[in-house]
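Participant: There's a structure below that I have some questions on.
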Amino acid sequence: MNMISPDAAANSKRAWLKILARYKKPDRRRSAVELAITLIPFATLWAMSAAAYAYGHWWGLILVLPAAGFLVRIFMIQHDCGHGSFFANRYADDWIGRALGVLTLTPYDCWRRAHATHHASAGNLDERGMGDIRTLTVAEYRQLSWRGRLGYRLYRHPLVMFGLGPIWLFIFSQRLPIGMMRGGLTPWVSSMTTNLAIALAAALLIWAVGPGAFLVVHLPIVVLAGSAGIWLFYVQHQFEETEWAKDDDWEFQHAALHGSSYYDLPPVLNWFTGNIGVHHVHHLSAKVPGYRLQEVLRDYPELRGIGRVTLLDSLRCVKLALWDENRRKLVSFREAHALA
Numbered sequence: 007m008n009m010i011s012p013d014a015a016a017n018s019k020r021a022w023l024k025i026l027a028r029y030k031k032p033d034r035r036r037s038a039v040e041l042a043i044t045l046i047p048f049a050t051l052w053a054m055s056a057a058a059y060a061y062g063h064w065w066g067l068i069l070v071l072p073a074a075g076f077l078v079r080i081f082m083i084q085h086d087c088g089h090g091s092f093f094a095n096r097y098a099d100d101w102i103g104r105a106l107g108v109l110t111l112t113p114y115d116c117w118r119r120a121h122a123t124h125h126a127s128a129g130n131l132d133e134r135g136m137g138d139i140r141t142l143t144v145a146e147y148r149q150l151s152w153r154g155r156l157g158y159r160l161y162r163h164p165l166v167m168f169g170l171g172p173i174w175l176f177i178f179s180q181r182l183p184i185g186m187m188r189g190g191l192t193p194w195v196s197s198m199t200t201n202l203a204i205a206l207a208a209a210l211l212i213w214a215v216g217p218g219a220f221l222v223v224h225l226p227i228v229v230l231a232g233s234a235g236i237w238l239f240y241v242q243h244q245f246e247e248t249e250w251a252k253d254d255d256w257e258f259q260h261a262a263l264h265g266s267s268y269y270d271l272p273p274v275l276n277w278f279t280g281n282i283g284v285h286h287v288h289h290l291s292a293k294v295p296g297y298r299l300q301e302v303l304r305d306y307p308e309l310r311g312i313g314r315v316t317l318l319d320s321l322r323c324v325k326l327a328l329w330d331e332n333r334r335k336l337v338s339f340r341e342a343h344a345l346a
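Going by my numbering, the first residue of the sequence shown is number 7, and it counts up by one from there.
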């Protein structure tokens, strides 16, 4: 992981919101093409996987891997719709986002509300709890009972975080507006209509290919894509040099630039993930379409040196679990124990 250089620190004081304003406008024809080259291959790979199952060609089920990659990309388009940055037309973005939410098993309006909270409070120690990964400070962890510590350790364990967690979140938890039960009618309408649409789509596919093919093909795609999505979200904020601050010291631009990583991925992974690895720029200006984020890095290469995390670096992020307020960095349970 790269430490912040003096030049990068100086650049962090630039008026990035004004600079990035000119990148906000999407190319609507390109947006339409991006949607088509994502949905069509996904549907094709899904159908080919089902056909492989039907004809006993089990080796063909390897196609669920690229299909899961395209489902991740579908979620990233839904994500841009939630920010109103895909077509820059609220009506079009919202209804495309709702339709894609049936494929990603994510009630669009519920997710958009929680995600807006995340963007408004990322890196704020006093505003944790919605749309983020639960993160305790070292002091908070030490104040827990042994049961509380065990529960937190289990929650942060990789098998739970990236294995059981995505299954619970995408298949079960999002069927109800968890955390928004008293948020008015919209969360309930979003959840229930998405559930109904998912049930109808599942029934149609089961009628077309049979329950066996549906389960063998679709469940692995959803689980793999969900795990990849949680991993991306984790690395984007749970890296060693991230920034957290109390409400009085929290400042939006600084938190966006230094509390979010630049996940430096190979080009093919950048494409499948909608360039969401350029996450510090995304948090600086969420209205910039995903396909223009690399354009920002090209024009302002100094941003490449801030919060950079490589694929190898990201594997080391798994052990990080607690925010050390004294050292101002994320630490592992072992490090926290040594400090005690």
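Where is the CB? At the ideal position from N, CA and C, for every residue including glycine.
#1: So, for GLN244: in the same chain, excluding its five sequence neighbours on each side, which residues have a beta-carbon less than 8 Å away from its beta-carbon?
#2: Helix, strand or coil: how does DSSP classify PRO237 here?
#3: Tell whether a beta-carbon distance below 7 Å holds between ALA67 and SER55.
#4: Can you tell me whether ALA74 is helix, strand or coil according to DSSP?
#5: Using the beta-carbon count (16 or more within 10 Å), is GLY190 buried or exposed?
#6: Which residues in the same chain have their Cβ closer than 6 Å to the Cβ of SER11, if we skip the five residues on either side of it in sequence?
#7: Considering only their Cβ atoms, is the gap separating TYR29 from ARG298 smaller than 7 Å?
#8: Does the segment 191-198 come into contact with the segment 111-118, if we say contact requires no fewer than three beta-carbon pairs (one atom in each stretch) closer than 8 Å?
#9: Kindly list the residues whose CB is nearer than 7 Å to the CB of LYS252, restricted to its own chain and excluding five residues on each side of it in sequence; keep chain order.
#10: So for ARG20, helix, strand or coil by DSSP?
#11: Where in the segment 103-136 do unbroken runs of the alpha helix (DSSP H), each at least 4 residues long, occur, reported from the N-terminal end onward?
#12: So is GLN149 buried or exposed if we call it buried at 16+ other beta carbons inside 10 Å?
#13: Take ILE184 as the anchor and find which of PHE81, LEU317, ASP100, MET136 has the nearest alpha-carbon.
#14: Pull up the DSSP beta-bridge partners for SER338, would you.
#15: In or out: PHE176 buried (at least 16 other Cβ within 10 Å) or exposed?
Facilitator: So, from the listed chains and residues:
#1: Answer for GLN244: ILE139, THR141, CYS323, LEU326, LEU336, listed in chain order.
#2: Rather than Pro, the amino acid found at residue 237 in this sequence is Trp. Correct three-state label for TRP237: helix.
#3: Going by the sequence as given, residue 67 is Leu instead of Ala. Contact annotation: LEU67 and SER55 have beta-carbon atoms nearer than 7 Å.
#4: Here ALA74 carries a helix assignment [DSSP, helix/strand/coil].
#5: When all chains shown are included, GLY190 counts as exposed.
#6: Because SER11 carries a pLDDT of 49, less than 50, the predicted location of this residue cannot be relied on, and the following value inherits that uncertainty. Once the five neighbours on either side are set aside, the close Cβ partners of SER11 are GLY311.
#7: Against a cut-off of 7 Å, the Cβ pair of TYR29 and ARG298 comes out as a contact.
#8: Look at the beta carbons and you see the segment 191-198 touching the segment 111-118: at least three pairs across the two are nearer than 8 Å.
#9: So the list reads LEU131, ASP132, once near-sequence residues are dropped.
#10: In the structure shown, ARG20 adopts coil according to DSSP, grouped into three states.
#11: Runs found: 114-127.
#12: Its Cβ having fewer than 16 others within 10 Å, GLN149 is exposed.
#13: Of PHE81, LEU317, ASP100, MET136, the residue nearest in Cα terms is MET136.
#14: When beta bridges are read from the DSSP output, SER338 appears opposite LEU326.
#15: When all chains shown are included, PHE176 counts as buried.
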